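Colleague:
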Amino acid sequence: MSFRGKNAVVTGGAGGIGLQVSKQLLTAGAAKVAIIDIQDNLEEFVKLRAAHPTQSVMIVKMDVANKKGVEATYEEIAKTFGSIDIVVNVAGIFNDKDVQRTLLVNLGGIINSTLSALPYMSKDNGGKGGIVINMSSVVGLDPMFIIPVYGPPRRASSTLLAANDSTTARSGIKYVTVLPLGPP
């Protein structure tokens with residue numbers, strides 16, 4: 001898939017894997033990239049915009065666990081960009097001491113982001129189709145006793161995509177799960 005001229009959304013794009021994904025999308029020619037993150041990383045955002053002056057970089061401070069906020073954010077992005085072609089769900093936390101928050105961000109965030117993007121991407125609703133990429137983890141496949149809460153939501157994100165994948169022919173949206181070797 002070519003990213004040239006495409007409009008993308010990256011959750012968790014302020015640092016780590018998400019920031020690298022945002023940089024790669026812009027380097028590969030994405031026309032517009034919206035970065036959704038609860039963290040501020042102003043220095044990196046300024047660098048991104050300076051490195052890609054002909055492309056649009058939109059920064060949205062948002063907690064992906066906030067369903068209504070995510071829905072409103074996608075509506076704003078779709079209005080601003082005109083369309084959404086690519087969603088990369090990277091947002092995640094690594095905190096087995098706060099089980100509720102870990103589940104809300106690591107699984108709820110992916111569900112909120114994916115379901116909020118579909119109305120703007122699906123051919124059923126006048127969209128162009130596209131791709132949703134979920135950043136999971138090998139810990140979702142091979143649980144580790146030292147981080148028991150981190151793995152299950154990562155595994156569940158793969159199940160969500162598999163369930164949605166059955167709609168690809170109708171919606172034009174492909175679903176992919178990526179399993180890096182560590183937490184995002």
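According to full-length UniProt numbering, numbering within the sequence shown proceeds without interruption in unit steps and concludes at 184.
Cβ atoms here follow ideal geometry from the backbone N, Cα and C, with glycine treated the same way.
Everything numeric in this text was worked out from a predicted model, so none of it was measured.
Which class does S56 belong to by DSSP, given the choice of helix, strand or coil?
Modeller: Residue 56 sits at position 56 when you count from the first residue of the sequence shown. Strand at S56.
Colleague: Please confirm if the segment 63-78 is in contact with the segment 97-111, defined as three or more CB-CB distances below 8 Å between the two stretches.
Modeller: Flag = yes, the segment 63-78 and the segment 97-111 touch.
Colleague: Distance check for V70 and G108, CA to CA, integer angstroms please.
Modeller: Position 108 of the sequence shown, counted from the start, is the residue given in the question as residue 108. Position 70 of the sequence shown, counted from the start, is the residue given in the question as residue 70. Distance between the alpha carbons of G108 and V70 is about 11 Å.
Colleague: Determine the contact status of A30 and K6, defining contact as a CB-CB distance below 8 Å.
Modeller: For the purposes of this step, residue 30 is taken as residue 30 along the sequence shown, with counting starting at 1. For the purposes of this step, residue 6 is taken as residue 6 along the sequence shown, with counting starting at 1. Their beta carbons are under 8 Å apart, which means A30 touches K6 by this criterion.
Colleague: Is the beta carbon of Y175 sitting closer than 8 Å to the one on A117?
Modeller: As a position in the sequence shown, residue 175 is number 175, starting the count at 1. As a position in the sequence shown, residue 117 is number 117, starting the count at 1. Cβ distance not < 8 Å, so Y175 and A117 don't count as in contact.
Colleague: Confirm the yes/no value for this check: CB of L26, any heavy atom of the ligand ATP, distance under 7 Å.
Modeller: Although the ligand ATP was asked about, the structure shown includes no ligands whatsoever.
Colleague: Between the C-alpha atoms of S171 and V132, what's the straight-line distance to the nearest angstrom?
Modeller: In the sequence shown, counting from the first residue as 1, residue 171 sits at position 171. In the sequence shown, counting from the first residue as 1, residue 132 sits at position 132. Near 12 Å, if we compare the C-alpha coordinates of V132 and S171.
Colleague: By Cβ distance below 6 Å, which residues in the same chain neighbour T114 in space, the five residues on each side in sequence not counted?
Modeller: Translated into positions along the sequence shown, residue 114 becomes position 114. Closer than 6 Å at Cβ, skipping near neighbours: V132.
Colleague: Quick check on R154: buried or exposed, where buried means 16 or more other Cβ atoms within 10 Å of its Cβ?
Modeller: The sequence position of residue 154 within the sequence shown is 154, counting from 1. It counts as buried.
Colleague: With a Cβ-Cβ cutoff of 8 Å, do I17 and V90 count as a contact?
Modeller: Walking along the sequence shown from the start, residue 17 turns up at place 17. Walking along the sequence shown from the start, residue 90 turns up at place 90. Cβ atoms of I17 and V90: closer than 8 Å.
Colleague: What residues match up with V88 in a beta bridge as DSSP calls it?
Modeller: Taking the sequence shown and counting its residues from 1, one reaches residue 88 at position 88. DSSP output for V88 lists V10 and I133 as bridge partner(s).
Colleague: According to the neighbour-count rule (16 or more other Cβ atoms, all chains shown, within 10 Å of its Cβ), is D96 buried or exposed?
Modeller: As a position in the sequence shown, residue 96 is number 96, starting the count at 1. Looking at its Cβ environment, which holds fewer than 16 other Cβ atoms inside 10 Å, D96 is exposed.
Colleague: For a quick check, are the C-beta atoms of G13 and S22 less than 8 Å apart?
Modeller: Counting from 1 along the sequence shown, the entry for residue 13 is found at position 13. Counting from 1 along the sequence shown, the entry for residue 22 is found at position 22. Cβ distance < 8 Å, so G13 and S22 count as in contact.
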